[in-house]
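Under my numbering, the first residue of the sequence shown is numbered 105, with each subsequent residue one higher.
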Amino acid sequence: MYLGLDLGTSGLKALLIDEDQTIVAEATAPLTVSRPKPSWSEQDPHHWTDAARQALNALKAKHSLAGVKGIGLSGQQHGATILDKAHTPLRPAILWNDTRAADEAEYLDGLPGVREAVGSIVFAGFTAPKLIWARKHEPEVFEKAALVLLPKDYLRLWLTGEAVSEMSDASGTAWLDVPTRAWSDELLAHCDMTRAQMPGLVEGSERSGAIRPALAEEFGIPKGVPVAGGGGDNAAAAVGMGVTEEGRAFVSLGTSGVVFTSNPTFSPMPETAVHTFCHALPNKWHQMGVILSATDSLNWYANLVGADPASLTGELGALTAPGRVLFMPYLGGERTPINDPRVRAALIGLGHEADRVAGTRAVIEGVTFAVADSVDALKACGTALDMVIAVGGGSRSRYWLEAIATAIDTPIAVPIAGDYGGAFGAARLGAMAAGGGDAFLTPPKIDHDVAPNKNLTAAFQDAHARYRATYKALKGIS
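Next up, the structure:
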């Protein structure tokens, strides 16, 4: 058996697979986000370990963990978990969707050589700007900062006692020299920090440590079981879907949205706001466009109108041409392709005839156009998308998938029922760290393809052009 732990923003998932990669059991534990001020997003790191204990105990109740041979980790990226010398958190972790450090990100992004090393624009959600913010606004925290970990790596510290990260997650800090896969003294110096405050580095498929004996006994896991480096949530999900070779891609409709492709070389083009990061596998990189609010947009609208998201999408019927109502999904700013942490969402074009269904359709279309923007940005980098697999909660809506397929004029492959997300990829990486090899990197079987609706291609192109023009009008006033 192989165990994957995926530390998300809204919950932690524990997943158990066997040698044939069949899911044997799974369990989840919820997490909540604290927003004490506008643009802030935080979590208490102790809640992550509490959630891990809850999920592992629930998993143990469903199936014995005595056969576990390897453990892998996946998690939300970019979070700044600031620890003192005793490895005690000095403050709540500042999360990926926190944009308080927008000014600090702009400062770092403008320094000579930074984009070339980071492989991307330095976005407000990255880790490094948050430490500059802490230096300015919470000097008592910054002065005591002995170690800074990413969220899943804090979980690793609890599991193994080892302070270690891996290449894919470390790529999102703005402290890693992404082409050479090593911490950069120069990038750290920009934040008045040193390598002594950084964890060790391994590849995602390598061993990072072993489960602590006390936890092994608590959960019934054999002592000495290796814990893999793992991966940032998207890189781990790519491992779960076999998106590890050039030309393969996935679109993820989760809390955030991602269009992800695998690359054999480091090929950055930061001006497109595409992220170019290390993959979770040795000698591989990846590129991705990131939409900050995907299903989060639909959840927001569902709360606004007092309905659940599934009911809203169930009311839509067959795909239709976009209407006059237009939604801009910038609830927390946006990354690809505009890199604008300050812009906010808008619902425009409302008339007397606009009803709940028109609003739902507009939200779906707005996120669809954001996905299309990311696809266009990836194509501008010279990246080919030969095969696009759909994952995430939003992919359960055929309407949404057909809208995306039509907007990007590319079929979307829907895998057979199963979990191919970060926890599954983490379990695969755990298997590789235990000696499993590349045999675990197969893509999922495809259930069906969702084809573009050629009769609506022109209508979606026109609406996409209006979407882009609307951002230019909103910029600076929202």
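Glycine included, each C-beta is placed from N, C-alpha and C at the ideal position.
Remember, predicted model here, so these are calculated numbers, not experimental data.
Same chain, Cβ closer than 7 Å to residue i, five either side skipped, listed in chain order
i    : result
G525 : D110, A341, G344, V495
I225 : D213, R219, P374, A377, N443
A250 : L187, D188, K189, Q301
C382 : M271, S272, S275, V282, R285, W389
V306 : V268, E270, S312, G333
L261 : H191, L253, A267
H167 : L120, V128, A129
L319 : L263
Endpoints, the alpha helix (DSSP H) within which residue i is located
i    : result
A484 : 460–484
L235 : 231–241
L292 : 289–293
V343 : 337–345
Per DSSP, cross-strand counterpart(s) of residue i
i    : result
L106 : Sequence inspection shows Tyr at residue 106; the Leu mentioned does not correspond to that position. Bridge partners of Y106: I121, G174.
R446 : Per DSSP, none; premise fails for R446.
M432 : A450
V222 : V222 pairs with nothing; no bridge assigned.
E130 : L119
H379 : M392
A314 : P330
G304 : V268
E146 : S138, I198
L578 : According to DSSP, which records beta bridges pairwise, L578 is partnered with nothing at all.
S366 : E350, H390
Delimiting residues of the beta strand (DSSP E) encompassing residue i
i    : result
Q180 : From DSSP, Q180 is part of no beta strand (DSSP E); its letter is neither H nor E.
W389 : 389–395
D551 : 550–554
V331 : 330–332
R502 : Premise fails: R502 lies in the alpha helix (DSSP H), 502–512, not in any beta strand (DSSP E).
T185 : 185–187
Residue i to residue j span [Cα, whole Å]
i    : j    : result
E146 : F230 : 14 Å
P368 : A384 : 12 Å
D148 : D412 : 28 Å
V222 : L280 : 7 Å
F66  : T113 : Because the chain spans 105 through 582 in this model, residue 66 falls outside it and cannot be assessed.
A133 : E457 : 42 Å
A511 : V518 : 17 Å
A466 : A267 : 45 Å
K248 : A155 : 27 Å
A555 : L489 : 15 Å
R428 : L454 : 8 Å
E131 : Y575 : It is worth fixing the name first, because residue 131 is Ala in this sequence and not Glu. Cα-Cα distance, rounded: 40 Å.
L533 : G541 : 9 Å
T298 : L259 : 23 Å
F564 : A353 : 22 Å
K141 : L235 : 18 Å
T561 : T472 : 13 Å
G410 : R460 : 10 Å
L177 : G304 : 16 Å
V362 : A406 : 22 Å
Y106 : V137 : 29 Å
Minimum C-alpha distance to residue i - residue among the options
i    : options                : result
H151 : G115, I225, D122, E457 : G115
E310 : C485, G328, E270, P317 : E270
A484 : K166, R500, V409, M373 : M373
G351 : A190, H390, K141, A184 : H390
A422 : I236, L505, G108       : L505
L408 : G427, K388, L451       : L451
G336 : P193, Q180, S288       : Q180
R502 : G418, V306, I520       : G418
D207 : F354, D289, S143       : S143
V329 : H379, L263, C295       : L263
T359 : T203, A320, S499       : S499
R157 : E321, R239, T514, G304 : E321
G497 : F246, R204, S356       : S356
Y571 : N557, P445, A476, T514 : A476
P441 : S478, T348, L292, G470 : S478
Contact set for residue i: own chain, Cβ-Cβ below 8 Å, skip 5 residues either direction
i    : result
E242 : R195
L435 : L396, S397, D400, S401, W404, R448, A449
Close-in-space but distant-in-sequence residues of the same chain around residue i (CB under 6 Å, 5 per side omitted)
i    : result
H182 : W200, G229, F230, T231, G276
D474 : Per the sequence shown, residue 474 should be read as Ala rather than Asp. I395, P433, listed in sequence order.
S415 : none
M491 : R352
G313 : T264, E266, V331
Residue i beta carbon near the ligand MN (any heavy atom closer than 7 Å)
i    : result
D296 : Inclusion of the ligand MN in the displayed structure is not the case, the ligand content being empty and no account of it being possible.
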